[in-house]
Amino acid sequence: MKYLYRLYQLIVALPIFLVASIVTSLTTMIGCRLGNGHFWGYYPGKWWSRLTTFILLLPVKVEGREHLRKDESYVFVSNHQGAFDIFLIYGFLNRNFKWMMKRSLRNVPLVGAACHYAHHIFVDKRGPSKIRETYDHARDTLREGMSLVVFPEGARSFTGHMGVFRRGAFMLADELQLPVVPLTINGSFDVLPRMRDGRFVDWHQLKLTIHAPIYPQGKGLEYERKTMDEAYQTIMADLDKKYQGYVENPDQ
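Here the numbering used here is used: the sequence shown runs in plain steps of one and ends on residue 269.
Have a look at this one:
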């Protein structure tokens, strides 16, 4: 079955994925230039993500959507197991949001341009002024009532385990007094780990758990750290047993 699944990926899934990626990118760019950027910056990517998991026959399970209120802005923070985290969150969170992503993704053909037109936020670390610009952009996005999704580890795991969290997302949430929503992803590392980029995927269930929001209890460094620690422990506790426990990520 393993080799039949790989043959299916090569002959059926890959051509559909490539065509869908091109169509989605162009639709996003054109739609954002001509119409509502919040609509065109989200829905084409959402259905592209759902199509990707569908054509790869990957089962998806989502728990915890009942924790979210319709008209509330959130800072979503998630562990980062692999490339399929993107498809799982984009396709199944069911929440319009902007990504905070690595600046290097801006160079991915078509996809990077689509993310730019959709006003996703590229983290620029080329000096203090660039970092300030990045967080100013994020603040403006959140003040407009939009939600934000951040991978606080900053990079995909090499082991499936979680590394350390960086403060950026929690600083923004503290400054704007917004609730932080922890997300736990399971299965993405088993589908396509970082060490196998560009190779065949393995069949495995993908699971997204949306935890209860952590609402602000105060403002300042003490509360920011408390929220970060609570989010980290919440995400960690819901990981599959084999991936629980801290493991240092070499590029953090």
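For each residue, glycine too, the CB sits at the ideal point set by N, CA and C.
For L105, the closest C-alpha among the options A131, K78, V128, R82 is that of K78. Ranked by how close their Cα comes to the Cα of N96, the residues Q234, L27, F206 have F206 in first place.
S164: member of the beta strand (DSSP E) spanning 164-167, first to last residue. As DSSP reads the structure, P199 sits in a beta bridge with V94.
In the three-state DSSP reduction, V77 falls in the strand class (E or B). Taking C-beta separations shorter than 8 angstroms and ignoring five residues to either side along the sequence, the partners of R160 in its chain run L193, following chain order. Excluding the 5 residues flanking it on each side, L127 has same chain C-beta neighbours closer than 6 angstroms at S42, in chain order. Here the segment 66-86 makes contact with the segment 220-234; the two share three or more CB pairs at distances below 8 angstroms. F139 has M118 as its beta-bridge partners, per DSSP. Put simply, the segment 176-194 touches the segment 248-258. At least three CB pairs are less than 8 angstroms apart. With respect to T244, F187 sits close: the two C-beta atoms are nearer than 8 angstroms. Taking the Cα positions, V197 is about 15 angstroms away from E239. About 7 angstroms separates the CB atoms of S38 and W65; that is less than 8 angstroms, so the two are in contact. Per the C-alpha coordinates, the member of Q261, A229, K259, D219 positioned closest to E80 is A229. D102 counts as buried, since at least 16 other C-beta atoms from the protein chains shown sit within 10 angstroms of its C-beta.
Taking the Cα positions, G185 is about 19 angstroms away from E265. Note that the C-beta distance between I138 and M118 is below 8 angstroms. When C-alpha distances from R23 are compared across K63, V40, L74, S90, the shortest belongs to L74. Of the candidates R112, K19, V36, R112 places its Cα closest to the Cα of F93. In this structure, M46 keeps its C-beta atom at 8 angstroms or more from the C-beta atom of A155. Under the three-state reduction of DSSP, Y263 is assigned to strand. When the Cα atoms are used, F114 and L85 turn out to be separated by approximately 13 angstroms. Between S90 and L195, the CB-CB gap stays under 8 angstroms.
With a contact defined as Cβ atoms closer than 8 angstroms, H133 and R123 qualify at about 6 angstroms.
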